[in-house]
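Number of protein chains: 2
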Amino acid sequence: MPQAFERHDHGTCISAALRAAEDACAGRGLSLTPLRRRTLEILLESHAALGAYDVLARLEAEGFGSKPPVAYRALNFLVEHGFAHRIEALSAYVACARPGAEHAPSFLVCRSCRRVAEEAIAVPLAPEAEAEGFAIERTVVEAQGLCPACRGAS
Amino acid sequence: MPQAFERHDHGTCISAALRAAEDACAGRGLSLTPLRRRTLEILLESHAALGAYDVLARLEAEGFGSKPPVAYRALNFLVEHGFAHRIEALSAYVACARPGAEHAPSFLVCRSCRRVAEEAIAVPLAPEAEAEGFAIERTVVEAQGLCPACRGAS
DNA sequence: ATCCCTCTTGTTATAGTATAACGTCCGCGC
DNA sequence: GCGCGGACGTTATACTATAACAAGAGGGAT
Ligand SMILES: [Zn+2]
Ligand SMILES: [Zn+2]
Ligand SMILES: [Zn+2]
Ligand SMILES: [Zn+2]
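See the structure below:
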């Protein structure tokens, strides 16, 4: 997988993700409206986590509505359908690096540049949950730290 | 470990945690002031995650200050020194179940009653981080779902 | 064509979470 | 006594998120 912290052809990165979103929407009867599509593109421009109000500012500058629900609704649509993820520790949003594939996402989040690498790992806590009769519905796995670039720039 | 979702002697639970906090503060030159101690007690009363403003309301009712920084400072003190943890997905706070012990905490969080069980697991993502040159400083591991009691009450 | 229904986008207003900045008090070392 | 740092209190403000309502677009039924 091309990773956020490695050099890669980012144009391919973007177009593959948009393509996957289009296909998934077509297949599931969802509509990837201009607002939703543009919101995804904004997230895809970088591998960094963006706050809802950052996204909103971009959308407003491009002629979409200027009020918070505009951004939150688009972001929630993307998150619900797996085209983006919410980084809980930052209250921020990032495009999914594996759109289409079912996965329990986990992230490496740089505290300096906010770039995010998405990893595929086994759901932790499953045995503990089993032992206690706890039914896991969703997992949040986020490692915060410094990415290679930001370590170097120390 | 006595778990939040199991029957246990909760009085012991509370007094052991307070004792551990007192000892740790004494040993590290920290001051467990009445405000900080009471804040910890409030968190300890249940194994549930409480919002900062819930805690603040309790503190105010007991004669402490009524403004947000009062609660946030006490909570931040407890979190910084490992006597409490922040549940990122809820923007809420819970008393630590292993005060004193060094640990990368992970949690089972009930979405219905907000009770939290703290587990000890290995840091996930370590191999991935290593491979990418990412320096992990903190991990957030939270499984959300339904606890045994809330499953039963379905 | 008209009606109805649902979905999307837009708005206003408000709720919920968190911190910056500053003043006072108190205990301690000098 | 004086200076200092830490804890606690305040005011004010910033940041994050949602409830509730209005307007338009599209589609299917009559
Ligand atoms: Zn890329
Ligand atoms: Zn970085
Ligand atoms: Zn207990
Ligand atoms: Zn529960």
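First to last, the protein sequences are chains G and Y.
Oh and the first sequence: position 132 is 132 in UniProt numbering, straight run, nothing missing.
Oh and the second sequence: position 1 is 1 in UniProt numbering, straight run, nothing missing.
Just so it is clear, CB atoms sit at the ideal spot from N, CA and C, and this is done for glycine as well.
Please read all numbers here as calculations on a predicted model, not as lab measurements.
8 Å contact criterion, which residue i and residue j should meet: CB distance rounded
| i | j | result |
| --- | --- | --- |
| R58 of chain Y | I42 of chain Y | 5 Å |
| L30 of chain Y | E22 of chain Y | With a Cβ gap of about 10 Å, L30 of chain Y and E22 of chain Y do not count as contacting. |
| G27 of chain G | S91 of chain G | Between S91 of chain G and G27 of chain G the Cβ distance is about 31 Å, and since that is not below 8 Å, they are no contact. |
Cut-off 8 Å between Cβ atoms - residues of its own chain near residue i, not counting five sequence neighbours on either side
| i | result |
| --- | --- |
| E88 of chain Y | V140 and E142 |
| S46 of chain Y | R115 |
| V55 of chain Y | T39, I42, L43, A71, A74, L75 and Y93 |
| V123 of chain Y | A104, I136 and T139 |
| I14 of chain Y | E41, L44 and E45 |
| Y53 of chain Y | P68 and A71 |
Own chain, CB closer than 7 Å to residue i, minus 5 neighbours either side, in chain order
| i | result |
| --- | --- |
| L146 of chain Y | C110, R111 and S112 |
| E62 of chain Y | R38 |
| E60 of chain G | S66 |
| T12 of chain Y | none |
heavy atom of ligand 1 below 7 Å from residue i C-beta
| i | result |
| --- | --- |
| C13 of chain G | yes |
| H47 of chain G | yes |
Contact test: residue i Cβ vs ligand 5 heavy atom, cutoff 7 Å
| i | result |
| --- | --- |
| H8 of chain G | Of the ligands one can find in the structure shown, namely ligand 1, ligand 2, ligand 3 and ligand 4, none is ligand 5. |
Of the listed residues the options, nearest to residue i (C-alpha basis)
| i | options | result |
| --- | --- | --- |
| R36 of chain Y | Y:L75, Y:A101, Y:L125 and Y:P127 | Y:L75 |
| R138 of chain Y | Y:S15, Y:E22 and Y:R86 | Y:R86 |
| A126 of chain Y | G:R151, G:A52, G:P99 and G:Q144 | G:Q144 |
| C25 of chain G | G:S66, G:A48 and G:G82 | G:G82 |
| P99 of chain G | G:D9, G:A16 and G:H10 | G:A16 |
| P148 of chain G | Y:E80, Y:C150, Y:E22 and Y:E132 | Y:E132 |
| G65 of chain G | G:S91, G:E80, G:P34 and G:L90 | G:P34 |
| I136 of chain G | Y:E62, Y:I136, Y:R151 and Y:H8 | Y:R151 |
Cβ-heavy atom distance, residue i to ligand 4, below 7 Å
| i | result |
| --- | --- |
| A149 of chain Y | yes |
| L146 of chain Y | yes |
| R115 of chain Y | yes |
| C110 of chain Y | yes |
Nonlocal neighbours in the same chain, by C-beta distance under 6 Å from residue i, ignoring five residues either side
| i | result |
| --- | --- |
| A84 of chain G | L43, L78, Y93, A95 and C96 |
| E128 of chain Y | none |
| residue 227 of chain Y | Any answer about residue 227 of chain Y is impossible in this case: the structure gives chain Y only from 1 up to 154. |
Heavy atom of ligand 3 within 7 Å of residue i beta-carbon
| i | result |
| --- | --- |
| H85 of chain Y | no |
**OP:** Say whether the stretch 63-72 of chain G touches the stretch 100-110 of chain G, bearing in mind that this needs 3 or more beta-carbon pairs closer than 8 Å, one atom from each stretch.
**Re:** no
Original post:
Given 8 Å as the limit, is there contact between the stretch 39-54 of chain G and the stretch 82-99 of chain G, that is, 3 or more CB pairs closer than that?
Top reply: yes
**OP:** Give a yes or no on contact between the stretch 3-11 of chain G and the stretch 107-118 of chain G, applying the rule of three or more CB pairs nearer than 8 Å.
**Re:** yes
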